[in-house]
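In the numbering used here, the protein residues as written are 20 to 501. Note that the Cβ used here is the ideal one computed from N, Cα and C, for glycine as well. For clarity, every value in this text was computed on a predicted model and none was experimentally measured. Notes for the one structure printed next.
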Amino acid sequence: MGLVVQPQPDRAILSRRDAIVADLRRLLGAGAVIADEDGRRAYETDALTAYRALPLAVLLPGSTDEVSRALRYCHQHGIKVVARGAGTSLSGGALPSEDAVVIGVSRMSRVLEVDYVNRVARVEVGITNLGISDAVKDSGFFYAPDPSSQLACTLAGNIAMNSGGAHCLKYGVTTNNVLGLKVVLMDGEVIEIGGTHLDAPGYDLLGLMIGSEGQLGIATEATVRILRAAEGARPMLLGFDSSEAAGQCVSAIIAAGIVPVAIEFMDRPAIHVCETFAKAGYPLDVAALLIVEVEGSDEEIAELLSVISSIAKPFAPKALRISQTAEQSAAIWKGRKAAFGAIGRISDYYCMDGVIPLGKLGEVLVSISHICDKHNLKVANIFHAGDGNLHPLVLYDANDAAEADRAEQAGHEILELCVTSGGCLTGEHGVGIEKRDLMRVQFTETDLAVQMRIKTVFDPKWLLNPSKVFPLDGRKAAQEAA
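Encoded structure:
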């Protein structure tokens, strides 16, 4: 792929690399600095693997104070910084540049405090989503956001991109589950925003920081909500002859006032690949599949599943199957959670992330098929149907440069379709470099100018996560105005 153009690195910074590395080793200790080429190679890309760049150096601080020292040094010497969690970003959000230092938070993964009475936990942001839940599950609690990459993805990256997951329909995304943050600004100053309760007084800086893609500061600690686990949960499978019927069923469930824990969608290509991988018992003779999960007591679960079954009947489901055992439930979710990996076994793919109004679901899915047909590409659709967050996977051959460019062009057209349908460019993957040049599709020049002014307040030199989110020509104008 090559439609995204990256700026040339600062040669003056590159020429000082040895001196910069020596200074950073004195500041943080040799063990916290990776400078050899093989070591840096592990950080040259994230999950948007089409783009790569070898960073100037990689820092692995072990505390907020070490992050502060590193940022203060980089600020004083005009060195760009890219914050990194686990590198699972699908939008190039953690992509480095040759003249940038990567600051990884993987060593900062401790649970610092758990308050079960007030249902909060204070953790370092290098912890994984699943790590938070594992720390509190013996007391009957869990941390709600559950991206498909929750085994690996860190809270740091979730905060940067405001990630969600399958269960965000009921429990919300990251911004609904984080109450407070400790953040290091680019000049090394440490601030604390939010707290241990909802609606902290003053400006909503917490809402501003979550989803800012590492452009305003680097979070090091977070206070998160932990929730009491439900008595039980059970998924059901609904198979339809068309994506339109599945989309209409989703809208009808939501319109009825029912809020399942999750409503997940797969189309025919995704169903077959995931069934081959997980042996989950997915019906193979349907065009679209919904996984609908509800939770509560046994009586509540039975009642909700009965009501949803009744709601689905007018849309003529070809398959309706309710999980009967914990093993069946685990298999159903194994197929969905492993979907991206399962498809990756048979093809390279370009993963989209857009949002549309639920009422447009069927129409948009048809248009996505037309776009990919036009570019002579196949597509598999897997997404969070309950909140309209689409994840079309455009299949292509990464070894064919022309086909890779067609895949990227198709992806851009799909995202434009989401916006023109009344939705937006991203639901949980962020803008990164992938959607940077599409920001003008959704925002006016005035909208972008306001956002860039906020960026400039926090990072006047524009050193944090450079060349992301904003179109490059707009960024240059903002820097000159500052």
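With H410 as the anchor, note down where its beta strand (DSSP E) starts and where it stops. The sequence position of residue 410 within the sequence shown is 391, counting from 1. From DSSP, H410 is part of no beta strand (DSSP E); its letter is neither H nor E.
Check: Under the rule that 16 or more other beta-carbon atoms within 10 Å means buried, what is A66, buried or exposed?
Finding: Along the sequence shown, read from residue 1 onward, the residue named residue 66 stands at position 47. Counting of Cβ neighbours within 10 angstroms places A66 among the buried residues, the total reaching 16 or more.
Original post:
With a CB to CB cut of under 6 Å and the five nearest residues on each side skipped, what residues in its chain are close to R44?
Top reply: Start at 1 with the first residue of the sequence shown, and residue 44 comes out as number 25. Once the five neighbours on either side are set aside, the close Cβ partners of R44 are V52.
Report task. Could you say if the region 204-215 and the region 82-98 meet the contact criterion of at least three C-beta pairs nearer than 8 Å? Result -> Proximity of the region 204-215 to the region 82-98 meets the contact definition, three or more beta-carbon pairs being nearer than 8 Å.
So the candidates are V243, A219, Y222, I237; which of them puts its Cα closest to the Cα of Y190? By one-based count along the sequence shown, residue 190 stands at place 171. Looking at V243, A219, Y222, I237, the one whose alpha-carbon comes closest to that of Y190 is V243.
Legend entry - V130 versus A350, G112, L149, D118, residue with shortest Cα-Cα distance: On the sequence shown, residue 130 is found 111 positions in, with the first residue counted as 1. With distances taken between Cα atoms, V130 lies closest to L149.
* Asked: What do you reckon, are the CB atoms on V124 and A76 nearer than 9 Å?
  -> Along the sequence shown, one-based indexing puts residue 124 at 105. Along the sequence shown, one-based indexing puts residue 76 at 57. Not in contact: V124 and A76 (Cβ atoms no closer than 9 Å).
request  = Report whether the distance from the Cβ of Q343 to the nearest heavy atom of the ligand MN is below 8 Å.
outcome  = Of the ligands one can find in the structure shown there are none, so the ligand MN has no counterpart to examine.
Margin query: Using only the alpha-carbon positions, how far apart do S87 and R340 sit?
Written below: The sequence position of residue 87 within the sequence shown is 68, counting from 1. The sequence position of residue 340 within the sequence shown is 321, counting from 1. Cα to Cα, the separation comes out at about 54 Å.
Item to check | F359 - partner residues in DSSP beta bridges | outcome: Numbered from its first residue, the sequence shown carries residue 359 at position 340. DSSP lists no partner for F359.
Go ahead and pull the three-state DSSP assignment for D367. Taking the sequence shown and counting its residues from 1, one reaches residue 367 at position 348. In this structure, D367 counts as strand in the three-state DSSP scheme.
>> Based on DSSP bridge pairs, tell me the residues matched to C443.
In response: In the sequence shown, the residue the question calls residue 443 occupies position 424. In the DSSP output, where bridge partners are listed per residue, C443 has V374.
#### Entry: Endpoints, the alpha helix (DSSP H) within which K393 is located
Here residue 393 corresponds to residue number 374 of the sequence shown, with the count starting at 1. Note, K393: alpha helix (DSSP H), 380-393.
Three-state secondary structure (DSSP) of Y415: Residue mapping note: residue 415 aligns to position 396 of the sequence shown, counting from 1. Looking at Y415 - three-state DSSP - the assignment turns out to be strand.
- Go ahead and label N181 buried or exposed: buried means 16 or more other beta carbons lie within 10 angstroms of its beta carbon, across all protein chains shown. Locating residue 181 in the sequence shown gives position 162, counting from the first residue. So N181 ends up on the buried side.
Counting only runs that start and end within the region 445-483, where is the alpha helix (DSSP H) found for 4 or more residues in a row? Runs of the alpha helix (DSSP H) inside the region 445-483: 458-461, 464-477.
Alpha-carbon spacing of E85 relative to L47, whole angstroms:
Within the sequence shown, the letter at position 66 stands for residue 85. Within the sequence shown, the letter at position 28 stands for residue 47. If you take the alpha carbons of E85 and L47, they lie about 6 Å apart.
I'd like to know if the region 344-354 and the region 423-433 are in contact, where contact means that at least 3 CB-CB pairs between them fall below 8 Å. The answer is no - the region 423-433 does not touch the region 344-354, with fewer than three Cβ pairs under 8 Å.
Name the DSSP beta bridge partners of L256, please?
-> By one-based count along the sequence shown, residue 256 stands at place 237. Residue pairing by DSSP puts L256 in a beta bridge opposite I310, R340.
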